[in-house]
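To convert, note that position 38 of the sequence shown is 38 in full-length UniProt numbering; the numbers rise steadily by one, no gaps.
Heads up: the structure comes next, in structure tokens.
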Amino acid sequence: MIALCLGLAGSVWATLPGEPFTLAWRHSVEKIRWEEDYRVTSAGLRLDEARVRGSGAGMEIPEGAVLRDGAWHYRRDLPPLQPLRLGRTPEAGDYQLCRDGRCRDLAHWLGPPRADRPAVELWSCSPD
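The structure is reproduced here in structure tokens:
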């Protein structure tokens with residue numbers, strides 16, 4: 001069975017079931033929500049689709065994006081990410097991890113963002 005590990009440099013801070021999930025956050029300046037849908041595979045995290053609800057500084061709408069239900073939907077042809085590294089600081093706010101329509105801040109599993117730990121990685125792993 002495969003799981004989703006959260007941590008840094010191979011150190012596991014939390015392990016979650018390897019179910020599909022959405023990673024969501026608000027742009028720190030523009031306050032616009034971004035969402036990315038991932039599948040957990042043995043090769044890594046596969047990005048299926050992404051959405052953004054607007055544009056702004058450093059937030060160009062990707063070529064080929066389609067406006068649907070108030071958000072720009074697009075796909076990127078990327079290899080599986082292993083790991084997916086996220087910047088996570090108190091000033092920028094937290095990411096949300098969503099499953100089955102329910103979203104929780106990463107703080108639920110990791111505690112609040114901290115200046116002395118400004119990043120987190122997500123990767124597919126084997127649960128212990």
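Ideal placement from N, C-alpha and C gives every residue a C-beta, glycine not left out.
Legend entry - For residue 96: DSSP bridge partner residues: Residue 96 is bridged by DSSP to 24, 105.
Inset, instruction - Ignore the nearest five residues each way along the sequence and tell me which others in residue 12's own chain have a CB closer than 6 Å to its CB. - result: The residues are 5.
Inset, instruction - Taking residue 116 as the reference, give the member of 67, 61, 91, 39 with the closest Cα. - result: 91
Legend entry - Distance, residue 119 Cα to residue 79 Cα: Within the model, the alpha-carbon separation for residue 79 versus residue 119 is close to 22 Å.
Inset, instruction - Could you tell me which residues DSSP puts in a beta bridge with residue 72? - result: 52, 67
Inset, instruction - Note down the Cα distance separating residue 75 from residue 19, rounded to an integer number of angstroms. - result: 20 Å
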